Amino acid sequence: MEASSTSPKDTIIELNPESQVTFVKKDIASLPETTLEVKNNSDKTVLFKIKTTDPAKYLVKPNHGVLSSAKGTKILITTQKPTMQKIKNDRFLVVAIEFEGDKSEIPSTPNQVERFMKTYFDNAPKEKLFMKKLKIVNDETLGLTYASFKGNRTSIIKPGEDPSDLRSSGVVLNKEKSSHVELEEKYNDIVSKVNQLTTKKVELANIIKTKTKNLQLIEKARYAQTGRDSSMAKPADSEGNFSLIHIAGVFILFFVIGIYYSSG
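Here full-length UniProt numbering is used: the first residue of the sequence shown is 1, the next is one more, and so on.
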C-alpha cells in the first residue's frame with residue numbers, strides 16, 4: 001500500500017525549488033523576482049503550464065512549455081507591482097502531463113502551441129495530471145525588498161552579507177532618503193508660493209479692471225461738469241486715462257514684487 005502513495009505521474013517532472021519560491025530585489029530600482037526550474041524526468045515529451053492565484057500581480061515567462069525527455073527550462077517570475085505585501089495566500093500551481101502522441105504533432109508557433117496545450121489539458125484525465133502547489137515567500141534577508149524599503153529599514157543586505165558589516169561598508173540609504181524628503185519639501189514650498197502668486201495676480205487684475213472703469217467714469221464726469229464739448233473731452237479723456245492707468249500699474253507692479261520677495 002505504501003508503494004502506491006507516490007504515483008508515477010508525480011515524478012514526471014522535477015521542480016527546483018520544490019515547495020516554495022522566494023522573491024528578492026536585485027537592487028532598489030528592480031522589481032522583486034524569482035526563478036523556477038522545471039525538468040522532465042519522464043522518457044516521454046511533457047507538457048507543462050504554470051498558473052497563479054493572482055495573475056494581475058505576477059508575470060511568468062514562460063508560463064507554459066514543451067519539454068523533451070531529460071530536458072529542462074528556467075522560469076522567470078516577476079512581480080508586476082513593486083509591493084510584495086499581502087502575499088500570504090498567493091500560490092503558484094504547476095500542472096504537467098506526459099504527451100502520448102509523437103512530438104511532431106505539436107505545433108511550432110507560440111499561438112498554436114498555446115491553443116494546442118489548452119485543448120490537450122482540458123481533455124486530459126485528471127488522474128494523469130501532475131499538480132504541485134508552490135508557496136510564495138518574501139525573504140528580506142536575501143536582498144532589499146519593497147516591504148523593507150517602505151519601512152524603517154534603510155540598509156541593503158546582499159546575499160551572504162553579514163548585517164553587522166553594514167555600518168563599515170557604508171551601504172546605507174539614510175542620506176538618500178533625507179535628500180529626497182528635503183527636495184520634496186522644497187518642491188511643495190515652491191508650488192505653494194506659485195499658487196499664492198497666481199491668486200494675487202488674478203486679484204490684482206480684477207482690481208486694475210475695476211480701477212480703470214472708475215477712473216474713466218470720474219474723468220467723464222469731470223469733463224462734463226466743465227462744460228467742454230464732446231470733441232475736446234475725448235482727447236483729454238484718453239490722455240487722462242493713459243497717465244492715471246500707468247501710475248496705477250506701476251504701483252501694483254511694485255506691490256507684486258514686494259510680495260514675491262517677502263514670501264521668498
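Quick reminder that beta carbons are idealized off the backbone N, C-alpha and C, glycines included.
Here the structure is a predicted model, which means the values were calculated and not measured.
Bounding residues of the beta strand (DSSP E) (the contiguous stretch that carries residue i)
i    : result
V95  : R91 to E98
N40  : E33 to N40
T22  : Q20 to F23
N16  : I13 to N16
N138 : F130 to N138
K126 : Here K126 belongs to no beta strand (DSSP E), and DSSP marks it neither H nor E.
G101 : Element bounds for G101: n/a, residue is neither H nor E.
K49  : V46 to T52
K61  : Y58 to K61
Cβ-based neighbour list, residue i, same chain, cut-off 7 Å, excluding 5 preceding and 5 following
i    : result
P107 : V113 and F116
K65  : Before going on, a small fix: residue 65 reads as Gly here, not Lys. Within the same chain, G65 has close Cβ partners F48 and T73.
M131 : L93 and V95
D63  : The question names Asp, but residue 63 in the sequence shown is Asn. Counting only Cβ-Cβ distances below 7 Å, and skipping sequence neighbours, we find K49 and I50.
T11  : N41
K81  : K57
Rounded straight-line distance, which links the Cα of residue j to that of residue i
i    : j    : result
I252 : A205 : 10 Å
A124 : L67  : 18 Å
G143 : T199 : Bear in mind that a pLDDT of 43 at G143, under 50, signals an unreliable position, so the number given afterwards is only what the model happens to contain. Those two C-alpha atoms are separated by around 48 Å.
K88  : V137 : 8 Å
L166 : P32  : Confidence at L166 is low in this model, with a pLDDT of 46, below 50, so the placement of that residue should be treated as unreliable; the coordinate-derived value is given next. Roughly 22 Å between the two C-alpha positions.
T210 : K220 : 16 Å
L15  : V194 : 59 Å
I247 : N188 : 36 Å
N214 : I208 : 10 Å
L197 : F254 : 14 Å
A29  : S104 : 43 Å
S148 : V94  : Residue confidence is low: S148 scores 40 on pLDDT, short of 50, so the model does not pin down where it sits. Its coordinate-derived value is still stated next. If I take the Cα positions, the gap works out to 29 Å.
E100 : T35  : 29 Å
S19  : D102 : 31 Å
K201 : E182 : 29 Å
S69  : N111 : 23 Å
I157 : K9   : Interpretation of I157 is limited by its pLDDT of 43, a score under 50 that renders its predicted location unreliable; the figure taken from the coordinates is listed afterwards. For I157 and K9, the distance between alpha carbons rounds to 40 Å.
K186 : P55  : 40 Å
S238 : Q225 : Note that S238 has pLDDT 47, beneath the 50 cutoff, so the model's placement of it is unreliable and no number is given.
E203 : S192 : 17 Å
P17  : V46  : 19 Å
K257 : L59  : The amino acid at residue 257 is misidentified as Lys; the sequence shows Ile. Roughly 55 Å between the two C-alpha positions.
E37  : L129 : 19 Å
T109 : I190 : 56 Å
D122 : D27  : 41 Å
L173 : K118 : Because L173 sits at a pLDDT of 49, beneath the cut-off of 50, its placement in the model cannot be relied upon, and the point is left open.
Residue i: first and last residue of the uninterrupted alpha helix (DSSP H) it sits in
i    : result
Q80  : Neither: Q80 is in no alpha helix (DSSP H) and is coded neither H nor E.
K118 : P110 to N123
Supposed close pair residue i, residue j - CB separation, criterion 8 Å
i   : j   : result
K51 : G72 : With 8 Å as the limit, K51 and G72 do not qualify as a contact, their Cβ atoms being about 19 Å apart.
N41 : I77 : Between I77 and N41 the Cβ distance is about 22 Å, and since that is not below 8 Å, they are no contact.
K57 : T79 : 6 Å
E98 : K44 : 4 Å
Contacts around residue i, its chain only, beta-carbon distance under 6 Å, and the 5 residues preceding and following it disregarded
i    : result
S7   : none
L217 : none
K61  : L76
Contacting residues, own chain, Cβ-Cβ under 8 Å from residue i (five flanking each side not counted)
i    : result
R91  : T52, T53, K133, L134, K135 and I136
G249 : I208
Y120 : L47, I97 and F99
is_contact[residue i, chain B] using C-beta, thresh 9 Å
i    : result
L183 : Among the chains in the structure shown there is no chain B, since it carries only a single protein chain.
Any non-hydrogen atom of the ligand SAM closer than 8 Å to residue i Cβ
i    : result
E203 : In the structure shown, the ligand SAM is absent, as is every other ligand, since no ligand is present at all.
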